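Trainee: Structure below; questions to follow.
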């Protein structure tokens, strides 16, 4: 089981994460906004402008043991669901630190989790970059699988 972090340590990590995220925004034009969750949440929303998918928002949540991260990829497929899910499962094999999953209303998400003891600025940068790059690579393919009739000529 991963280490349980106390209030003081979480407050320190919360400050570090905010500092790291705003520094990343200064260096990366793809990051268009960073917002916080409710005052009692340790949650950030990093909004990135993409080329294949107009926007990707990465939700980052600081827990007592882990940093959870996820992004909404697309709504539930209207057709070819089995083919789409097989494609995503095969893509999971090539991802590091993240996996495709089915979430609320059967929508497709890309999610991951990192023990807080491993959290560093470079790791946070890798997480955001991995989710962004994976969505940019896969979105055109899976949207055409799950909504094929909308793309028929």
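In the numbering used here, the protein residues as written are 15 to 167.
The beta-carbon is built from N, C-alpha and C at its ideal position, and this holds for glycine as well.
Being a predicted model, the structure only gives us computed values, none of them experimental.
(1) Are at least three pairs of beta-carbons, each pair with one atom in the region 146-162 and one in the region 90-108, less than 8 Å apart?
(2) Is residue 29 helix, strand or coil by DSSP?
(3) Which runs of the beta strand (DSSP E) fall wholly inside the region 110-166 and span at least 3 residues, in chain order?
(4) DSSP beta-bridge partners for residue 79?
(5) Rounded to whole angstroms, what's the CA-CA distance from residue 141 to residue 101? Just pull it up for me.
(6) Under a Cβ-count criterion, where at least 16 other Cβ atoms within 10 Å of its own Cβ denotes burial, should residue 19 be classed as buried or exposed?
Mentor: In brief:
(1) yes
(2) helix
(3) 113-116 and 122-129
(4) Partner(s): none; residue 79 has no beta bridge.
(5) 22 Å
(6) buried
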